[in-house]
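Visitor: Structure in structure tokens, see below.
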Amino acid sequence: LPSRILNAAWGLSLLGYGVLAVWLLAHPASIPTDDAFFFVKGVEHFSVLEFRPHFPGYPGFIALGKLGVFLGGEAQQAVFFLSALSVLSLPPLAAWAAKSNGASQLGALLIFAVTLTQPFLPLVGLSMMSDGTGIAFLLAAFAFWGLGRNGWGGVMAGMALACRPSFLVPVVLAVGAVWFLQKDRQGKLMIGFLGTLGVFFGVVVTLEGVSYFLEGVRFVEGHFMTWGNTALAEDIQRGGWLDSFTREPIAFGCFVALSIISVWSGVRRLEYTPLALAAIGSLLWTLLAQNPENLRHVLLPAVLLSLLMVIQVTKKEAFSLATLILVQASILIPVVLTPVKTSPMEEVIDVLQNYPAGLVISNRGVAYLRSSLNQHRISDAFYKQSTIHLADEFVDGSVWRLIASPGSPKHSSIKAQSFGGRVPGEMSLWLLAQ
Amino acid sequence: VRFLLAIIFAMSLAGQAHAYSYAAAGKEVLIDAREAIFKAVNAGDFAAAQDAAHSISIEIGYLDQKYAPGLKGTVQTALGSKDAKAIAAALREVFSAEIKRRLEAGAKSLNDYQAAKVLVVKSKRFFDAMAAEVPGPTREAIDVGLRKALEAIGNPGVFGVGKKPADPVAYKAAVTDVLKALAQ
Chain A
1129 LPSRILNAAW GLSLLGYGVL AVWLLAHPAS IPTDDAFFFV KGVEHFSVLE FRPHFPGYPG
1189 FIALGKLGVF LGGEAQQAVF FLSALSVLSL PPLAAWAAKS NGASQLGALL IFAVTLTQPF
1249 LPLVGLSMMS DGTGIAFLLA AFAFWGLGRN GWGGVMAGMA LACRPSFLVP VVLAVGAVWF
1309 LQKDRQGKLM IGFLGTLGVF FGVVVTLEGV SYFLEGVRFV EGHFMTWGNT ALAEDIQRGG
1369 WLDSFTREPI AFGCFVALSI ISVWSGVRRL EYTPLALAAI GSLLWTLLAQ NPENLRHVLL
1429 PAVLLSLLMV IQVTKKEAFS LATLILVQAS ILIPVVLTPV KTSPMEEVID VLQNYPAGLV
1489 ISNRGVAYLR SSLNQHRISD AFYKQSTIHL ADEFVDGSVW RLIASPGSPK HSSIKAQSFG
1549 GRVPGEMSLW LLAQ
Chain B
1050 VRFLLAIIFA MSLAGQAHAY SYAAAGKEVL IDAREAIFKA VNAGDFAAAQ DAAHSISIEI
1110 GYLDQKYAPG LKGTVQTALG SKDAKAIAAA LREVFSAEIK RRLEAGAKSL NDYQAAKVLV
1170 VKSKRFFDAM AAEVPGPTRE AIDVGLRKAL EAIGNPGVFG VGKKPADPVA YKAAVTDVLK
1230 ALAQ
């Protein structure tokens, strides 16, 4: 590609990057979910048993959040900026990882642009969660491994897991592959990786004791077995990845297209085994073991698969990636042109604060609602039968149901107020008065 | 490759969805029984409610003996009255007694930080499962009391750094506040 065009494309990408950065950081630090609320509580005071935050504790993320507080922020701001800045670090880190693994100038540009325009990047940035931070450290690990610095790569991979333990499968696959392929520098890799994990989780186990492991058993079992489709299900549209596709057809379609072309091209290049294993591993893990309702989960496989592609990009692949970038950009441009606002959950709380004491039935943000709305009773819709009985005791007009739904709820006769998501993939909330 | 992709997508479409209601306390017989009792009551089937209550008769008997004298009778009377409100009130008493049991066990374990912490946290989780049963301000008072109880059990710190001894007087005061608010 002529350098004039390359420079112009870089200029355009950097302009887009600047716009996204300003837009993301202009948002108020408002809590969107209970998970985010638990992170804020964890930065204030760490205790896994008390869901500050929930298992496995995310000690790397909490430590960075505490650093933010130490630098003068409040816990809520610290978590927000950590999450937003992590996401903003992804395009340059991905370009660095590509370059250090031998990508061309064009490859670096493509990965920068394809990461920047990821449709769910703003979702992760505003989520106040650790996904972006975990991905950032994993990209740094690949960058260091590409430079042959296995020790630092190990430290970064350890940090990725300390921030985002659910990345276990791709991280362990990558570390294992580096260990297996580079027999001369295994020691440094393992010291860096296990040492970092040892420090963070060692502190957690020292603080929490045996109960940490008991909570782990309960939590993992709960994640897979118990927290299924919860109560009052007739109003709640829940499902697998197919429903995610119907919720965000173009954005999710981009992910499917990227998966297909990158798996296709990646299979031909098995010499990049650590990255290939991590990318395919994260794709499988996300599709099979993550909650399809949370579209932020697709960001990790999307970034890793793109990285896999750009390292030895062919003309055909570059063309398909460029097309993908244009489609993705067309999704995000209208998003960054909308005014910033607080999260749907925060809006719901603002509305409910104006009503006298009543009953709020919800299976979203129950802990955050309870801590924010002192006058109301908040019933966890998980306990379906007790909730139904409780609702009978209230007079009409003082019972609200809070549900998340991509479209309008089925009972159109009920007075419903909607609170739209801010970015692609953020669930809209509906407050139904009855 | 096509075959692989087809398998991936076919499997992922069959995947189940999870809602994140961590308050689901797990295998707690009292919580499960409460759901079963209300299911029967909501359907107007009071015989089934009696059967469901029978599944926790050992637990109720124990709480009656040690922590809440008369509890057994209250539950039986409520179920016999076939009055949903009375049954709900009796179940609230059962839950309160269970919280009392855990917090008083915590008082006896104040020399063992981990054990005391687990007992207080478990009582908080148990309270979360019944928090909708009490008015908002009462919920807040109980949450504050439980937080004070947690603070009162002290902290061993990390290798002694940040160590704080347990404060039995503060613990007792916090538990009294919680039980008083629960009895309202």
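Residue numbers (this note's numbering), protein chains in the order written: chain A, 1129 to 1562; chain B, 1050 to 1233.
Even glycine gets a Cβ: it sits at the ideal position worked out from N, Cα and C.
How far does the alpha helix (DSSP H) with A1165 (chain B) in it extend, from its first residue to its last?
Guide: Y1162 to M1179
Visitor: Please decide whether I1133 (chain A) counts as near chain B, where near means a Cβ-Cβ distance under 9 Å.
Guide: no
Visitor: Distance, Cα to Cα, L1560 (chain A) vs S1232 (chain A)?
Guide: L1560 (chain A) and S1232 (chain A): Cα-Cα distance of roughly 54 Å.
Visitor: May I ask you to list, following chain order, the residues of the stretch 1468-1491 of chain A that have a beta carbon less than 8 Å from some beta carbon of chain B?
Guide: A1485, L1487 and N1491
Visitor: Give every residue of the same chain whose Cβ lies closer than 6 Å to the Cβ of G1168 (chain A), excluding the five residues on either side of it in the sequence, and list them in chain order.
Guide: Position check: residue 1168 (chain A) holds Val in this sequence, whereas Gly was assumed. Hits under 6 Å: A1203, Q1204 and V1207.
Visitor: Ignoring anything shorter than 4 residues, give me the alpha helix (DSSP H) runs that lie fully in the stretch 1297-1359 of chain A, in order along the chain.
Guide: Counting only runs of 4 or more, we get 1314-1336 and 1339-1349.
Visitor: Hey, is the stretch 1299-1312 of chain A in contact with the stretch 1456-1474 of chain A, meaning 3+ C-beta pairs nearer than 8 Å?
Guide: no
Visitor: Thinking C-alpha only, which one of A:I1489, A:S1514 and A:G1548 is nearest L1079 (chain B)?
Guide: The residue with the shortest Cα to Cα distance from L1079 (chain B) is A:S1514.
Visitor: Going by Cα to Cα distance, which pick from B:D1216, B:K1197 and B:Q1114 is closest to K1173 (chain B)?
Guide: A check of alpha carbon separations from K1173 (chain B) across B:D1216, B:K1197 and B:Q1114 identifies B:K1197 as the nearest.
Visitor: Can you tell me the Cβ-Cβ gap for G1286 (chain A) and G1260 (chain A), rounded? I've got them flagged as a contact below 8 Å.
Guide: Contact flag wrong, Cβ pair sits at about 18 Å.
Visitor: Among A:V1176, A:W1528 and A:L1452, which residue has its Cα nearest to the Cα of T1243 (chain A)?
Guide: A:L1452
Visitor: Report the neighbours of V1143 (chain B) on chain A: residues whose CB is nearer than 9 Å to its CB, in chain order.
Guide: Within 9 Å Cβ-Cβ: nothing; V1143 (chain B) doesn't reach chain A, min ~13 Å.
Visitor: To the nearest angstrom, how far is it from the Cα of S1189 (chain A) to the Cα of A1290 (chain A)?
Guide: The sequence shown places Phe at residue 1189 (chain A), rather than the Ser named in the question. When rounded, the distance between both Cα atoms is 7 Å.
Visitor: Could you work out which residues of chain B lie near N1502 (chain A), taking near to mean beta carbons separated by less than 9 Å?
Guide: G1185, P1186, R1188 and E1189
Visitor: Which chain B residues sit within Cβ distance under 8 Å of T1334 (chain A)?
Guide: Chain B residues near T1334 (chain A): V1207 and F1208.
Visitor: Using 10 angstroms around the beta-carbon of T1161 (chain A), count the other beta-carbons present and answer buried if the total reaches 16, otherwise exposed.
Guide: buried
Visitor: Can you confirm whether Y1511 (chain A), when its beta carbon is compared against all beta carbons of chain B, has any partner nearer than 9 Å?
Guide: Contact of Y1511 (chain A) with chain B is assigned, a C-beta pair being separated by under 9 Å.
Visitor: Measure from the C-beta of K1223 (chain B) to each C-beta in chain A and report whether the shortest distance is under 9 Å.
Guide: Rather than Lys, the amino acid found at residue 1223 (chain B) in this sequence is Ala. Using a CB distance cut-off of 9 Å, A1223 (chain B) does not count as an interface residue toward chain A.
Visitor: In whole angstroms, give me the CA-to-CA distance for F1347 (chain A) and K1157 (chain B).
Guide: 27 Å
Visitor: Using 9 Å as the limit for Cβ to Cβ distance, is A1164 (chain A) near chain D?
Guide: In summary, chain D is missing from the structure at hand, where the protein chains are A and B.
Visitor: Give me the Cα-Cα distance between S1131 (chain A) and A1264 (chain A), rounded to the nearest whole angstrom.
Guide: 29 Å
Visitor: Quick one: does L1342 (chain A) have its CB under 9 Å from some CB of chain B?
Guide: Under the Cβ criterion of 9 Å, L1342 (chain A) is counted among the residues facing chain B.
Visitor: Taking L1223 (chain A) as the reference, give the member of A:F1248, A:A1269, A:A1212 and A:G1368 with the closest Cα.
Guide: What sits at residue 1223 (chain A) in the sequence shown is Ala, not Leu. Here the closest residue by C-alpha is A:A1269.
Visitor: List the residues of chain B that R1505 (chain A) touches, going by C-beta distances under 7 Å, in chain order.
Guide: Scanning chain B for C-beta atoms nearer than 7 Å to the C-beta of R1505 (chain A) yields A1181, P1184 and G1185, reported in chain order.
Visitor: Go ahead and pull the three-state DSSP assignment for Q1513 (chain A).
Guide: DSSP places Q1513 (chain A) within a helical segment (H, G or I) once states are collapsed to three.
Visitor: Can you tell which of B:P1186, B:A1101 and B:A1092 has its C-alpha closest to the C-alpha of L1140 (chain B)?
Guide: Answer by Cα proximity: B:A1101.
Visitor: Are L1153 (chain A) and V1551 (chain A) close, meaning C-beta to C-beta below 9 Å?
Guide: no
Visitor: Along the chain, where does the beta strand (DSSP E) containing K1469 (chain A) start, and where does it finish?
Guide: K1469 (chain A) -> no beta strand (DSSP E), and no H or E assigned at all.
Visitor: Residues of chain B with CB under 7 Å from H1517 (chain A), in chain order?
Guide: Annotation: Cβ neighbours of H1517 (chain A) in chain B (cutoff 7 Å, chain order): F1087, V1090, N1091, A1133 and A1137.
Visitor: I need the DSSP call for I1190 (chain A), collapsed to helix, strand or coil.
Guide: helix
Visitor: Which of the residues in the stretch 1177-1201 of chain A, read from start to end, lie with their CB under 8 Å from any CB of chain B?
Guide: L1177, E1178, F1179 and H1182
Visitor: To the nearest whole angstrom, what separates the beta carbons of G1276 (chain A) and L1317 (chain A), a pair I think is in contact under 8 Å?
Guide: Not a contact, Cβ separation roughly 11 Å.
Visitor: Relative to the C-alpha of Y1162 (chain B), which candidate in B:P1205, B:D1113, B:T1126 and B:D1132 has its C-alpha closest?
Guide: B:P1205
Visitor: Checking contacts by CB at 9 Å: is E1521 (chain A) closer than that to chain B?
Guide: For E1521 (chain A), the answer is yes, since a Cβ of chain B falls inside 9 Å of its Cβ.
Visitor: Going by DSSP in three states, K1543 (chain A) sits in which element: helix, strand or coil?
Guide: Three-state result, K1543 (chain A): strand.
Visitor: Using C-beta distances below 6 Å, list every residue in its chain close to S1294 (chain A), excluding the 5 sequence neighbours before and after it, in chain order.
Guide: none
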